Every structure is written in structure tokens, then in C-alpha cells.
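The structure appears below as C-alpha cells.
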Amino acid sequence: MNVHAIQTGTVAVKTRQREGTGRGAARLPKTLIDRNWTDPLPIFAWLIEHPEGLIVVDTGETAHVADPGYFPRWQPYFKLAVREWVAPEDEIGPTLKALGFFPDDVRWVIMTHLHTDHAGGLSHFPNSEILVHRPEFENARGLMGKARGFLPHRWPPWFAPRLFELDPEPFGPFSESMRVTEAGDVRVVPTHGHTRGHVSVVLEEEAQLVFFAGDASYSEALMVDQAIDGVAPDARSAKETLCRIRELTRERPLVYLPSHDPKAPKRLDARQIVTAEVSQGAPATHDHINEKSARSEPTA
Ligand SMILES: [Zn+2]
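For the sequence shown, this note's numbering assigns the number 15 to the initial residue and increments by one for each residue that follows.
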């Protein structure tokens, strides 16, 4: 199946956001005061040319991030810990068109989570069915959503996503999942931690799985190393998520595609699976952890 990486500009975050330090509540302040920035990282969305219709995973960022006052000034994360560069032609609408696709022809938009660098391009899809995990939507909306670092007041006025819950249908080490396509070859699996309702999208191709990880980790190496980020409000869920993903890579050949990993498009094109080093890691021990223990806080 043809799958495209859609780059919608770049983002720099604190190095401690990419890989967190410290434990518990100290991780977020440590990220905010970190003086070291990452290089500008790509902001990816993805397009799957599925026989049942075009599927977009996340919508990338909007060029409006350059507008004065776009971000709430009282939110310390936006003031201290993130920089973004998005030109109008970098937005997902123009980028899709440059590839020969029209946003109006997209059947489903599946959101891994609702941070601005994933939801900034929603305005390009007024005619698509937009799928959002209900707990993610509840966590991101309203004043509390704003306090947690989401920008619900920037969602398009027509935004009324199809809110879904996961079904008790296991997929590999994940106890729940939801089929998106009739064929059952595109699914959503729970990857909470980075946000309360974060999910990832799995495409089953004949030989391998293609795993659209969202911000479950910022790179493949960090997933292999089981290193959680510096902003996840729930470190335990984040850890458990990385554990499950790594276990899935042991069960099935898997191409791992985080949203901000510069090497992801190359791995996608080559269908390069997560390999060897993974099998030398510690055994997965997620079974005793309660998945539904999430709280939430600011981020991108
Ligand atoms: Zn995020």
C-alpha cells in the first residue's frame, strides 16, 4: 500500500522533552528550565492510500503559529519550551495537493492526540470523518484543556469529530483496539502516557506492520531504549506503552514511525523494521500495570 510522509514544518523542543530526566512531577519543570534545544525536528502527518479511501493520520501544524498572540501567553510551555517554523505552503492541504491529492477526498482523519502540532491542520478537512479517542477529546477541550497545553479555541468552528472508545479486541500486547477499515487492516491501539488519550495507528501490510506512533516516543531509538519523554503527565502509562510497543516488535515485523523522527520517512520507504537490538532488551513486564491511571498536563 502506498503510504506518504507529509512534513508540515519543523519544531524544536527542549532536549529534556525528547528524553525526560528525573522522576514524577519534577520532570515537567526540568524540561521547562532546560537551556538546551533540539535541532528543528520534522512535524509529520501521514497519508495512507487505502482501497477503502484515503486515510490521513494527524494533520500537522498550521502557519498561524507565527501570528502574534496565537499561543496563550499565560501558558509557560509555549513561552519557554517550544519553537515552530511553518510556512503556509508547509500546511497539510497544500502539501497533499503537491502530491496530487485533494483534502476533500480524504475519507478518514485519525488523530493520535490533539496537541497543536498534530491538530493544527484540521481546518483542511471539513469534509472528512475525523476520529478522536473520546478520553483525548475530553482531556483537551475547554479551559482545562487549555491549561493542559491544548488549543481547543483554535479548532475549526465546525469541528465535531467522531468520538470513539476502544473495543475489547486485543491486538498483540494491547488489550484493546478499534478497527477503522472494513478489512480490519487499519486499527487504533491505546498508547497513553504522552497524553491521557493518546493512541497509535497500525496498518497491517502483508509482510509487516506499519506503526504510526504519534508522540509515543520522539524516535525509534528512544522506544527501543524505553526512554519516556520529559512532558508525559503519566510516566507509568508512558513506560507501559513503550513496553507494549517493543513487545509488538518482537511478535511481528514492524516499521516504527514517530511524528518527529527525522529518519522515519526513510524507514517507511524501505519498510525497514525494528531489529536485533530490540530482542536484547529486558523482558516486557506490562501485565500488572493498570492502564487507566492517566492524568494530564501541558505539551506539544
Ligand atoms: Zn504531542
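Here a beta-carbon is modelled for each residue, glycine too, at the ideal position from N, C-alpha and C. Just so it is clear, the structure is predicted and the values come from calculations on it, not from any experiment.
Cβ neighbours of residue i in the same chain (closer than 8 angstroms, five flanking residues each side left out)
i       : result
Thr-1   : Since the first and last residues shown for the chain are 15 and 314, residue 1 lies out of range.
Gly-114 : none
Ile-106 : Ile-20, Thr-22, Ala-59, Val-70, Thr-73, Gly-74, Pro-117, Gly-135, His-138
Val-17  : Trp-60, Leu-61, Ile-62, Glu-63, Leu-217, Val-224, Leu-282
Heavy atom of ligand 1 within 7 angstroms of residue i beta-carbon
i       : result
His-64  : no
Asp-229 : yes
His-129 : yes
Phe-208 : One detail in the question is off: residue 208 reads as His in this sequence, not Phe. Yes - ligand 1 has a heavy atom lying nearer than 7 angstroms to the Cβ of His-208.
His-132 : yes
Cβ neighbours of residue i in the same chain (closer than 6 angstroms, five flanking residues each side left out)
i       : result
Pro-108 : none
Asp-104 : Thr-22, Gly-23
Glu-143 : Trp-122, Arg-176
Phe-151 : Leu-177
Cβ shell of residue i (< 7 angstroms), same chain only, five flanking positions each side left out
i       : result
Trp-99  : Gly-23, Thr-24, Pro-54
Val-203 : Phe-185, Phe-188, Ser-191, Val-213, Ser-214, Val-216
Thr-195 : His-64, Glu-66
Asn-153 : Gly-159, Arg-162, Thr-209, Arg-210, Gly-211, Ser-310
Asp-199 : Leu-217, Glu-218
Ile-303 : Model confidence at Ile-303 stands at a pLDDT of 35, short of 50, so the residue's coordinates are unreliable; what they give is reported in the following sentence. Here the set comprises Arg-250, Glu-254.
Paired residues, beta bridge with residue i - DSSP
i       : result
Gly-67  : His-64
Leu-268 : Leu-223
Gly-228 : Pro-272
Phe-178 : His-147
Val-27  : Val-96
Trp-172 : DSSP, once it has assigned bridges, lists no residue as partnering Trp-172.
His-18  : Leu-61
Ile-124 : Val-71, Leu-145
Any non-hydrogen atom of ligand 3 within 7 angstroms of residue i CB
i       : result
Thr-289 : As presented, the structure is devoid of ligand 3, carrying ligand 1 as its sole ligands.
**Prompt:** Fully enclosed by the segment 33 to 111, which beta strand (DSSP E) runs are 3 residues long or longer?
**Reply:** 55 to 64, 67 to 71, 96 to 99
**Prompt:** Considering only residues of the segment 181 to 223, which uninterrupted beta strand (DSSP E) runs meet the minimum length of 3 residues and lie entirely inside it, listed in chain order?
**Reply:** 200 to 204, 213 to 218
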